[in-house]
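Numbering (the working numbering), first residue to last: -16 to 260.
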């Protein structure tokens, strides 16, 4: 692939889209695929498929940086020897339990999904369907008190149930964070707790998916391909830091309905655009 100035601008734009949409429940993969329909990248189909996943590592790194003290179980409090935080270890085991359903389904059906469902129509319908779901669930939640108020209150059973909902995100346009948030809200987890748990879930899920894509693509990258991956990842990281801070501040005072309305509007727009085309 040739890396012209215009192509670099396209990569930067895709990095911005990824950084914004990875954490908001509006489907990062859906947005990336839709942008690609209009903003054609000068790269092979195989590299593009891998790029759209690996670029998400920048977003994951943002979570690790922002939540390092709460994610890393070995804390050096006295600067001499590490203290093992058992609660953090326990939380990571719950994350592993939540990842099992998604890992199984991805290994079994990922190739089929990519071959048959990565289309603008599927993305648009998923955007609309889950947009409506967000609005209905949030309206229903007005009369309910969360059973799980904090991240520490999440049990193995709750984690596994959230993981079952995460399976839905294999359909493009659904949103990994959107599926887990909807699942968490339905089973009584507070908005803040389920959003934070989504951050934890993203780390092993995206690392695993990226590893699979890189292995499938092969380890022989050209210089232009490495630069493309590097630029996209760095931009996604910077934007993600801003978006994560915004999201956690926003949901402490607001619900997720605004994202539901956005999904519906975007889905309808996509259907109209492609109907005209």
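Glycine included, every Cβ here is placed at the ideal spot set by N, Cα and C.
Assuming contact is defined by CB atoms lying nearer than 8 Å, are residue i and residue j in contact in what I supplied?
{"i": "residue 181", "j": "residue 163", "result": "yes"}
{"i": "residue 72", "j": "residue 242", "result": "no"}
{"i": "residue 51", "j": "residue 226", "result": "no"}
{"i": "residue 105", "j": "residue 165", "result": "no"}
{"i": "residue 78", "j": "residue 142", "result": "yes"}
{"i": "residue 189", "j": "residue 40", "result": "yes"}
{"i": "residue 131", "j": "residue 173", "result": "yes"}
{"i": "residue 120", "j": "residue 168", "result": "yes"}
{"i": "residue 220", "j": "residue 42", "result": "yes"}
{"i": "residue 171", "j": "residue 8", "result": "no"}
{"i": "residue 68", "j": "residue 134", "result": "no"}
{"i": "residue -4", "j": "residue 16", "result": "no"}
Going by DSSP, which residues form a beta bridge with residue i?
{"i": "residue 58", "result": "66"}
{"i": "residue 131", "result": "172"}
Give every residue of the same chain whose Cβ lies closer than 6 Å to the Cβ of residue i, excluding the five residues on either side of it in the sequence, and list them in chain order.
{"i": "residue 107", "result": "250, 253, 254"}
{"i": "residue 110", "result": "156, 246, 249, 250"}
{"i": "residue 12", "result": "155"}
{"i": "residue 236", "result": "none"}
{"i": "residue -2", "result": "215, 218, 219"}
{"i": "residue 123", "result": "none"}
Give me, in chain order, the residues of the same chain whose beta-carbon lies closer than 7 Å to that of residue i; leave out the 5 immediate sequence neighbours on both sides.
{"i": "residue 83", "result": "146"}
{"i": "residue -6", "result": "211, 214, 215"}
{"i": "residue -14", "result": "207, 210, 211"}
{"i": "residue 29", "result": "200"}
{"i": "residue -9", "result": "214"}
{"i": "residue 20", "result": "103"}
{"i": "residue 18", "result": "-3, 0"}
Please work out which residues of its chain come closer than 8 Å, Cβ to Cβ, to residue i, disregarding the five sequence neighbours upstream and downstream, and give them in chain order.
{"i": "residue 47", "result": "54, 186"}
{"i": "residue 93", "result": "153, 195"}
{"i": "residue 127", "result": "171"}
{"i": "residue 140", "result": "none"}
{"i": "residue 70", "result": "135"}
{"i": "residue 31", "result": "19, 24"}
To the nearest whole angstrom, what separates the beta carbons of residue i and residue j, a pair I think is in contact under 8 Å?
{"i": "residue 57", "j": "residue 65", "result": "4 Å"}
Going by the C-beta, is residue i closer than 7 Å to any heavy atom of the ligand FMN?
{"i": "residue 58", "result": "With respect to the ligand FMN, the structure shown offers nothing to examine, as it has no ligands at all."}
**Message:** Between the region 182 to 193 and the region 25 to 43, can you find at least three pairs of beta-carbon atoms closer than 8 Å?
**Reply:** They touch, by the three-pair rule.
**Request:** Indicate whether the contact test is met: 3 or more Cβ pairs, each with one atom in the region 142 to 159 and one in the region 198 to 205, closer than 8 Å.
**Result:** Because the criterion of three Cβ pairs below 8 Å is not met, the region 142 to 159 and the region 198 to 205 do not touch.
**Prompt:** Touch check for the region 89 to 103 and the region 236 to 250: three-plus C-beta pairs under 8 Å?
**Reply:** Taking 8 Å as the limit for Cβ pairs, the verdict is that the region 236 to 250 does not touch the region 89 to 103.
**Validate contact between the region -4 to 4 and the region 220 to 236 using beta carbons, cut 8 Å, 3 pairs** = The region -4 to 4 is in contact with the region 220 to 236.
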